[in-house]
Amino acid sequence: MSMHNITPREGRVTNHATEGQHLDSNSDGLYLQGLHKSFGGRQVITDVTLKVEPGELVSLLGPSGCGKTTTLRMIAGFLHPDAGKVWMGSRDVTEYGAERRPSAMVFQNYALWPQMSVERNISFPLRVAKVPKAQIAQRVDAVLELVNLTQRRRARPGKMSGGEQQRASLARALVREPSILLLDEPLSNLDAKLRERVREDIREIQQRLNITTIMVTHDQQEAMAISDRIAVMHDGRLEQVCAPEDLYMRPETENIARFIGTMSDFDGAFGPSEPKEHWLVRPEDIRYASEGSELGSTSLPVCDAKVVRTIPHGRYEEVIFDAFDGTSITGLRQLDQPTIALGAQVHLSATRIYHYKDNALLEVMQ
Ligand SMILES: Nc1ncnc2c1ncn2[C@@H]1O[C@H](COP(=O)(O)OP(=O)(O)OP(=O)(O)O)[C@@H](O)[C@H]1O
């Protein structure tokens, strides 16, 4: 990637329409090979192996404390693994410090220097690296344009919005022309509305530069919205690495099934004289019929329950059922479906159910 050749395409970030011009990309792939890390005798990363293709955006997703940041810091070169290797392109960079790696990181808190203008902040890494002045000016201009901050180049971080600070921090990482971009919870300091816009901006820039990117997040919607693939971590291990839609439709472990979206426990039987079995089910897959009316044909298990709560969400409402064994099951009612009274007794079934044993997916029935 060559910053001074960047010709922005149409988009919210740049507002310049020069569609059709492409960048040369020297984006590196990333390969994490069997990473392990312990702190004070406690193992926090176990055998993390992950291959990221050049130009791909992969999110590391998982609950707090699962090891996402530790993994990112080992990729960046701020932390040395106890075992395993980090490859960038064809180079083993495990023994390199952060400054020798072809990667750059955007920090969660932006880490901008308050006393410096945006352009001084952005040019800083190049001044430290003693890049010739004319080249610095060119590269800073290009990257400011890329993140749409040209008009704000003389502003200090304290006078900028959260979104602008985020873009300045992204620009400071990109001005080094890294071949791998590392994002540590890049949107967590922004309010909900801005977060959606900035995440689209990040994706657009990432795709325009075709730069290999690893993003740490605990926000599944964020990961779903912009990732090519999502790597889900649990307790220091990678449990599943796949496209966002596969993660939702086919969670390979019970941990992930319960972490992504909503899953209810569903104890149902295939027939009146059949034993009950334990399943997991998504709200949109629940079907209900009030006592005395037919559920329609279903080959999947059925159980009895009553409506205990409805939660409006605008276009639809969540319906919370209590099964008679005490479990709570969440279903949905679209606004064009008949209303359902609190306390109503219903039969429940599902169009798709998941069966797990010892955390592993055994079968999906539909
Ligand atoms: N320098 C350290 N010394 C001791 N323990 C650490 C250190 N850094 C991380 N840990 C521990 O390692 C585990 C993984 O932490 P890590 O920050 O990687 O998780 P995370 O998934 O990024 O969580 P969060 O989303 O809360 O940032 C946690 O239990 C944490 O307490």
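Count along the sequence shown starting at 1, add 15, and that's the number in my numbering.
The beta-carbon is built from N, C-alpha and C at its ideal position, and this holds for glycine as well.
Everything numeric in this text was worked out from a predicted model, so none of it was measured.
Ranked by how close their Cα comes to the Cα of residue 64, the residues 115, 194, 247 and 203 have 247 in first place.
Of the heavy atoms belonging to ligand 1, none sits nearer than 7 Å to the Cβ of residue 63. In the three-state DSSP reduction, residue 260 falls in the helix class (H, G or I). Runs of the beta strand (DSSP E) lying entirely within the segment 310-335 and spanning at least 3 residues, in chain order: 318-327. For residue 162 and residue 282, the gap between their C-alpha atoms comes out near 51 Å. Nearest to residue 189 by C-alpha distance, out of 342, 156 and 261, is 156.
Its chain contains 156 and 159 as the residues whose beta carbon lies nearer than 8 Å to that of residue 165, once the 5 sequence neighbours on both sides are disregarded; these appear in chain order. Apart from sequence neighbours up to five positions away, the residues of its chain that approach residue 122 with a beta-carbon distance below 6 Å are 199, ordered along the chain. Put simply, of 106, 173 and 197 the residue whose alpha carbon is nearest the alpha carbon of residue 83 is 197. Counting only runs of 4+ residues, the alpha helix (DSSP H) found wholly inside the segment 204-257 occupies 207-224 and 235-241, in chain order. In this structure, the beta-carbon distance from residue 167 to residue 179 falls below 8 Å.
Here residue 42 carries a coil assignment [DSSP, helix/strand/coil]. Taken through DSSP and simplified to helix, strand or coil, residue 184 comes out as helix. Residue burial is scored here from C-beta neighbours: residue 120 has at least 16 other C-beta atoms within 10 angstroms and is therefore classed as buried. Assignment of residue 139 by DSSP, reduced to helix, strand and coil, places it in the helix class. Partner residues in the beta bridge of residue 372, as assigned by DSSP, are 375. Just measuring C-alpha positions, the residue of 150, 193 and 47 sitting nearest residue 113 is 193. When DSSP states are grouped into helix, strand and coil, residue 274 belongs to the helix group. Closest in C-alpha terms to residue 202, from the list 321, 334, 105 and 177, comes 177. Around the CB of residue 49, fewer than 16 other CB atoms lie within 10 Å, so the residue is classed as exposed. For the pair residue 379 and residue 369, the Cα-to-Cα distance works out to about 5 Å. Straight across, the Cα-Cα distance linking residue 296 with residue 265 is about 12 Å. For residue 238, same chain residues with a beta-carbon under 8 Å away, outside a window of 5 residues either side, are 74, 76, 230, 232, 245 and 259 in chain order. When the Cα atoms are used, residue 139 and residue 91 turn out to be separated by approximately 19 Å.
The distance from the Cβ of residue 117 to that of residue 131 is about 25 Å, inconsistent with a contact at the 8 Å cut-off.
With a cutoff of 7 Å, residue 54 counts as near ligand 1, since its C-beta is closer than that to a heavy atom of the ligand. In the DSSP assignment, residue 145 falls outside any alpha helix (DSSP H) and carries neither an H nor an E. Annotation for residue 325: 332 and 334 place their beta carbon closer than 6 Å to its own, counting only its chain and skipping 5 residues before and after. Pairing residue 86 with residue 60, the inter-Cα distance amounts to about 7 Å. A distance of 8 Å or more separates the beta carbons of residue 305 and residue 256.
One Cα belongs to residue 273, the other to residue 154, and the distance between them is close to 46 Å.
About 5 Å separates the CB atoms of residue 51 and residue 97; that is less than 8 Å, so the two are in contact. Here the alpha carbons of residue 174 and residue 250 stand approximately 40 Å from one another.
Secondary structure note for residue 304: it is in no alpha helix (DSSP H), and the uninterrupted beta strand (DSSP E) holding it is 301-305. Assigned with DSSP and collapsed to three states, residue 89 falls in helix.
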